[in-house]
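What follows is a set of notes on a single structure, which appears directly below.
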Amino acid sequence: MASFVIGAAGFGRHISWKDDAVIPPGHQLTFKDALLTTSHDVFIKLLVPSWAMGFTKRFRRARLAFDELQRYLTEMIQERKGSQLKEEDDDLFTGLLSANNDDNLLKDEVKLNDSELFGNIFMLMVAGHETTGHSLAFAFALLALYPDKQEALYQHIKRVLPDGRIPTYDDMPSLSYSSAVYNETLRMFPPVHSVPKLSAENTTFTITDLNGTKRIVSVPQGIALTLAVPALHYNPKYWEDPHTFKPERFLGDWNRDAFLPFSGERV
Ligand code: HEM
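Residues in the sequence shown are numbered from 172 upward in steps of one, following the working numbering.
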């Protein structure tokens, strides 16, 4: 499901379970297979040196999927470059291409070449696919484990959308319990569990240990830090009964600083 959303919102390609079964001429994989294999096997590409990518069937398949995706994206870049923007082309990919072609916007900036465009699109795809896919999978598993919450969500959706219509973006603020379920899932199973950072300047942290004693920790410039997201999300100081799935905690007010599934903002 996450791939379909990324396919449409990211690339303007409407893929589905059944369609996209025919491999177009000049390709060895469908767009869907290339997209799915690359996002599942991105760690193979990161960890295995290119000279070893022919060693196993899985590595070879990953290599093929990367090559194929690059071919599809290059074709799409060429196609969109040569055509007028249509209203239905309001996907991320087209947005990036037209921003890159906008001479007013990028007057003093360096434009991205095709390989950099590919890199950026690929990053959006990987960053957007695995995070969304995993958190949805955990949300469904939690709803199965907590049938009373599943029922509450079902009744809530029926109240907000009584006629059974497909929700639009404008319905989002009314779907408060759905957001609460998703937030509670992100609290319990944050897909990005460690967020690496570098200290930009010499600073200090004032921390309080379990006994309530304050301590000052010095943090020199350039030191590597990692935000341990699950540790924060399960800290009983901020979250009552942290091991229990309770979407309701996100209906009222909650401690924004203790909820960092998307990392934090500089203040
Ligand atoms: C549940 C869904 C998601 C979660 C939990 C999530 C989480 C995160 C986190 C923790 C970071 C690191 C931020 C930091 O370094 O401070 C990040 C970065 C990023 N995310 Fe997401 N993300 C999600 C969905 C998406 C989607 C749908 C997209 C795009 C389609 C996306 C694109 C990106 C990009 C491009 C970055 C890198 C930003 C940068 O380094 O400037 N993410 N995300």
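Ideal Cβ positions, reconstructed from N, Cα and C, are used throughout, including at glycine.
When distances are taken from the beta-carbon of F433 to the heavy atoms of the ligand HEM, the shortest one is below 6 Å. One alpha carbon belongs to R330, the other to A323, and they sit about 11 Å apart. Counting the other CB atoms within 10 Å of its CB gives A429 a total below 16, which places it among the exposed residues. With at least 16 other beta carbons inside 10 angstroms of its own, E355 counts as buried. Collapsing the DSSP output to three states places V213 in a helix.
A distance below 7 Å separates the beta carbons of L295 and L263. Burial state of V400 is buried, judged by a 10 Å Cβ sphere holding 16 or more other Cβ atoms.
Proximity of the beta carbon of T302 to the ligand HEM is indicated: a heavy atom of the ligand is located closer than 6 Å.
Checking the DSSP bridge columns, you'll see A308 has no partner listed. Secondary-structure assignment with DSSP links I378 through a beta bridge to R386. Residue state for K368 is assigned as strand, using DSSP reduced to three classes.
Counting only the Cα atoms, P362 lies some 17 Å from P413. Burial state of V388 is exposed, judged by a 10 Å Cβ sphere holding fewer than 16 other Cβ atoms. No Cβ-Cβ contact shorter than 7 Å links N382 with Y409.
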